[in-house]
Amino acid sequence: MAGIAETCTHVAALLFKLEAVVRCRETTTVTGQPAYWMIPSNITKVGAEAGHRIDFTSSKAKRKSINSALDGEIACVPALRTSINTCKFSIATQEQWESYLAQLQKASPKAAILSTLPGYCDTFADPVLPLSAPDSLCSLRDKKMDGSELPVLRQYCKTLASKVNVTPEQAQFIERKTRKQHKCSSWCHFRAGRVTASKMHSVFVSDLDNPALSTVKAVCYPNSVATNQCPATAWGKQNEENGRTQYKVQTMKHHCDMQLTECGFIINPKFPQVGASPDGLVQCTCCGKGCIEIKCPYKYRNNTVEEACSSCDKDFCLEVVDGELQLKKSSPYYKQVQTQIFVADAEYCDFILWTLKDCAVLRVAPDPQLWNAVLKKAQEFFEFVCLPELIGGYFTMSLKQISTPGGNQKNQQTSKMVPKKGRTRRSAEELWCICRGPESKDDMVACDNQNCTIVWFHLTCVGLQHAPAKEDIWICSHCSK
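Going by full-length UniProt numbering, 178 is the number at position 178 of the sequence shown; the sequence numbering is gapless.
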């Protein structure tokens, strides 16, 4: 109760003071050794006795009384207490009790006794209420729904669609807790099941009834080790800080009171199915609030930006239009930065492309028309793909149950995947591509040479950022030799 009455520090200070004084004078105090009695020599034993029968008169007082009597004076001998004095009191009425408590609260609002009484204890409550962080969407898993038909599962998912909602306070908590991004487990924990900015392009081009398994896994289970071990991803993580430093050098001198801060996983309560993790948030008095996205292309790490643009690589994200460097609207990065702008309520996004020889900074403005289409598709993907997968594991479990041993793998067909030109993969557990990695490592593209010995390739392994259009013919480097 001392804590509530706000005296703990004072009591502790007094005790420390007493201890310091005793140590300084190096003497023993009454509490420094066991208690003892100064028993008179004529008394050998002290027995127990009721308090009111004990004579507490000192020998000095008794001697004074005897001397007064011998001198003929009227002795004033203290009388012994022969009975216990009882204090007579009446029980307070309810009105008197309430009046007393009201006066006590007025005189001492923090009186400890008030913290135990109804009607007064509320004032002692902690004004900072504990915040309940939302659970990961992976907690929606319900094994009872395993094996359910897709229409039945989707109907059941509608009853749980509100589980994705977050309050503004929860969104702020998540952003603060995940500022280390891929370096902390909470980042993957809260991203699971939400359509993130980096996967927005893959989601936008997905078939809601037959989505690519790699896209489903990347969105619903973002802690895939295989994906994080990709050389291009590792290169980007290693050099992200170099791009950030160069960005500061190039831009800070052109802005007023510019501040660049780290950023975690942002969820906008207006559309919680979507999230974004910009590489930083920018604030200045001249341009307002913005975000940044840093890219360090592994393929062009030893080239300048101009050399990369002149390489005639249709998969490169930048292009020169009327002498001005721009981010291609067809690039997956364009949808990524648009998602970041609207999720973070930013006014712009500075797109930074860093190589060992160059660094380009492009300002990307909001594109509301594209965002409306992207957001609609992302919300549909969450409802029709993410929830069935999170709750019943529909898409990943269906593929695991398919077994097609033997035969030519290029002619095998599955009921859940219809890739480009009908070329299919047999199982999520098989190894593919020149790297002999699993399908979950990245999106894949099929070689159009019917005699290709490898057939399926990861996009990153062949230097592609997104799969070619269905009408385009793509031949791998092995078959084009």
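Glycine included, C-beta positions come from ideal geometry on N, C-alpha and C. Since the structure is predicted, the reported quantities are computational estimates derived from the model, not experimental observations.
Worksheet entry | Beta-carbon proximity of residue 482 to A232, cut-off 8 Å | Since the displayed the chain opens at 1 and closes at 481, residue 482 lies outside it and no answer follows.
Worksheet item: From this set, C157, F395 and F190, which residue's C-alpha is nearest C138's C-alpha?
Response: Counted from its first residue, the sequence shown places residue 138 at position 138. With distances taken between Cα atoms, C138 lies closest to F190.
Fill in: Contacts around Y334, its chain only, beta-carbon distance under 7 Å, and the 5 residues preceding and following it disregarded
For this step, residue 334 is matched to residue 334 along the sequence shown. Within the same chain, Y334 has close Cβ partners L327 and K328.
Discussion item. One question on the structure: do Q340 and P278 come within less than 8 Å of each other, judged by their Cβ atoms?
Written reply: In the sequence shown, the residue the question calls residue 340 occupies position 340. In the sequence shown, the residue the question calls residue 278 occupies position 278. In this structure, P278 lies closer than 8 Å to Q340 by Cβ.
Discussion item. Please tell me whether P211 and F457 are closer than 8 Å, where the distance is taken between their beta carbons.
Written reply: Taking the sequence shown and counting its residues from 1, one reaches residue 211 at position 211. Taking the sequence shown and counting its residues from 1, one reaches residue 457 at position 457. No.
Practice prompt. Enumerate in chain order the residues of its own chain whose CB-to-CB distance from N242 is below 8 Å, with the five nearest sequence positions on each side excluded.
Written response: Taking the first residue of the sequence shown as position 1, residue 242 is located at position 242. For N242, where only same-chain residues beyond five positions count, the Cβ hits under 8 Å are C296 and W354.
Item to complete: Compute the Euclidean distance between the alpha carbons of N372 and A378, then round it to the nearest angstrom.
Response: On the sequence shown, residue 372 is found 372 positions in, with the first residue counted as 1. On the sequence shown, residue 378 is found 378 positions in, with the first residue counted as 1. Approximately 10 Å between the Cα atoms of the pair.
Worksheet item: Under the three-state reduction of DSSP, which class applies to E262: helix, strand or coil?
Response: Position 262 of the sequence shown, counted from the first residue, corresponds to residue 262. If DSSP states are grouped into helix, strand and coil, E262 belongs with coil.
Worksheet item: Just curious, the alpha helix (DSSP H) that F190 is in, first and last residue?
Response: Start at 1 with the first residue of the sequence shown, and residue 190 comes out as number 190. Note, F190: alpha helix (DSSP H), S185 to R191.
Fill in: For I454, the three-state DSSP class (helix, strand or coil)
Here the question's residue 454 lines up with position 454 in the sequence shown. Coil at I454, not helix or strand.
Item to complete: For G437, write down the residues that DSSP places opposite it in a beta bridge.
Response: By 1-based counting over the sequence shown, the position of residue 437 is 437. Paired residue(s): W432.
Discussion item. Do K199 and V219 count as a contact pair if the criterion is CB distance below 8 Å?
Written reply: For the purposes of this step, residue 219 is taken as residue 219 along the sequence shown, with counting starting at 1. For the purposes of this step, residue 199 is taken as residue 199 along the sequence shown, with counting starting at 1. Yes, the pair counts as a contact, with Cβ atoms nearer than the cut-off.
Discussion item. Between which residues of its own chain and P388 is the CB-CB distance below 8 Å, once the five residues before and five after are set aside?
Written reply: Numbered from 1 along the sequence shown, position 388 holds the residue referred to as residue 388. These residues qualify, in order along the chain: L150, L153, R154, C157, Y394 and F395.
Item to complete: Just tell me which of E324, S331 and V321 has its CA closest to the CA of D315.
Response: The sequence position of residue 315 within the sequence shown is 315, counting from 1. That would be S331, whose Cα lies nearest to the Cα of D315.
Practice prompt. Have a look at G193 and N223 and give me their C-alpha separation to the nearest angstrom.
Written response: Walking along the sequence shown from the start, residue 193 turns up at place 193. Walking along the sequence shown from the start, residue 223 turns up at place 223. Cα-Cα distance, rounded: 11 Å.
Discussion item. Going residue by residue through the stretch 263-322, where are the continuous alpha helix (DSSP H) segments of at least 4 residues, counting only ones entirely within it?
Written reply: 305-309
Worksheet item: To which residues of the same chain is S148 closer than 8 Å at the C-beta, ignoring the five residues directly before and after it?
Response: Here residue 148 corresponds to residue number 148 of the sequence shown, with the count starting at 1. Excluding positions up to five away in sequence, the list reads Y156, G392 and Y394.
Worksheet item: Is the CB-CB distance between A446 and L459 below 8 Å?
Response: Mapped onto the sequence shown, residue 446 falls at position 446. Mapped onto the sequence shown, residue 459 falls at position 459. Not a contact, by the Cβ cut-off of 8 Å.
Item to complete: Tell me whether L356 is buried or exposed, calling it buried when 16 or more other Cβ atoms sit within 10 Å of its Cβ.
Response: Taking the sequence shown and counting its residues from 1, the one referred to as residue 356 is at position 356. With fewer than 16 other Cβ atoms within 10 Å, it is exposed.
Worksheet item: Going by DSSP, which residues form a beta bridge with M444?
Response: In the sequence shown, counting from the first residue as 1, residue 444 sits at position 444. Bridge partners of M444: H458.
Discussion item. Can you list, in chain order, the residues of its chain with a C-beta nearer than 6 Å to that of M252? Leave out the 5 residues immediately preceding and following it.
Written reply: As a first step, residue 252 must be located in the sequence shown, where it is residue number 252. Contacts found: M258.
Worksheet item: Grouping DSSP H, G and I as helix and E and B as strand, with all else coil, what is F382?
Response: One-based indexing of the sequence shown puts residue 382 at position 382. In this structure, F382 counts as helix in the three-state DSSP scheme.
Worksheet item: When DSSP labels each residue in this structure, what does A212 get in the three-state scheme?
Response: Numbered from 1 along the sequence shown, position 212 holds the residue referred to as residue 212. In this structure, A212 counts as coil in the three-state DSSP scheme.
Discussion item. Tell me which residues share the same chain as N165 and place their Cβ nearer than 6 Å to its Cβ, disregarding the 5 neighbours each side in the sequence.
Written reply: One-based indexing of the sequence shown puts residue 165 at position 165. Closer than 6 Å at the Cβ level, and outside the excluded window around N165, lie P272.
Practice prompt. Just tell me which of A107, V374, V282 and E49 has its CA closest to the CA of H201.
Written response: What you label residue 201 is simply residue 201 of the sequence shown in a count that begins at 1. The shortest Cα separation from H201 among A107, V374, V282 and E49 belongs to V374.
Worksheet item: For K441, is the classification buried or exposed, using 16 other Cβ atoms within 10 angstroms of its Cβ as the cut-off for buried?
Response: The residue labelled residue 441 in the question sits at position 441 within the sequence shown. Result: buried.
Discussion item. Among the candidates K64, K163 and F265, whose CA atom is the shortest distance from the CA of R179?
Written reply: Locating residue 179 in the sequence shown gives position 179, counting from the first residue. That would be F265, whose Cα lies nearest to the Cα of R179.
Worksheet item: Per DSSP, what kind of secondary structure is N43 in: helix, strand or coil?
Response: Mapped onto the sequence shown, residue 43 falls at position 43. The residue asked about is misnamed: residue 43 is Ile in this sequence, not Asn. Coil, per DSSP.
Practice prompt. Can you have a look at Q336 and say buried or exposed, based on whether 16 or more other CB atoms are within 10 angstroms of its CB?
Written response: Locating residue 336 in the sequence shown gives position 336, counting from the first residue. Buried, since its Cβ has 16 or more Cβ neighbours within 10 Å.
Worksheet item: Quick one: Cα of C256 to Cα of Y247, how far?
Response: Locating residue 256 in the sequence shown gives position 256, where the first residue counts as 1. Locating residue 247 in the sequence shown gives position 247, where the first residue counts as 1. Between C256 and Y247, the C-alpha separation is close to 15 Å.
Discussion item. I believe I267 touches I352 by the beta-carbon criterion, under 8 Å. Please report the beta-carbon distance rounded to the nearest angstrom.
Written reply: Looking up residue 267 in the sequence shown gives position 267. Looking up residue 352 in the sequence shown gives position 352. With a Cβ gap of about 24 Å, I267 and I352 do not count as contacting.
Worksheet item: Taking the Cβ atom as the reference point for each residue, do Y348 and V361 lie within a distance shorter than 8 Å?
Response: Here residue 348 refers to the residue found at position 348 of the sequence shown. Here residue 361 refers to the residue found at position 361 of the sequence shown. Not closer than 8 Å, so no.
Worksheet item: Is C157 helix, strand or coil when you go by DSSP?
Response: As a first step, residue 157 must be located in the sequence shown, where it is residue number 157. It is helical.
Fill in: Cβ shell of L464 (< 6 Å), same chain only, five flanking positions each side left out
Locating residue 464 in the sequence shown gives position 464, where the first residue counts as 1. Result list for L464: D315, in chain order.
Discussion item. So, under 8 Å CB-CB, E319 and A161 are touching, yes? Tell me the CB distance rounded to an integer number of Å.
Written reply: As a position in the sequence shown, residue 319 is number 319, starting the count at 1. As a position in the sequence shown, residue 161 is number 161, starting the count at 1. Not really, about 40 Å apart at Cβ, beyond 8 Å.
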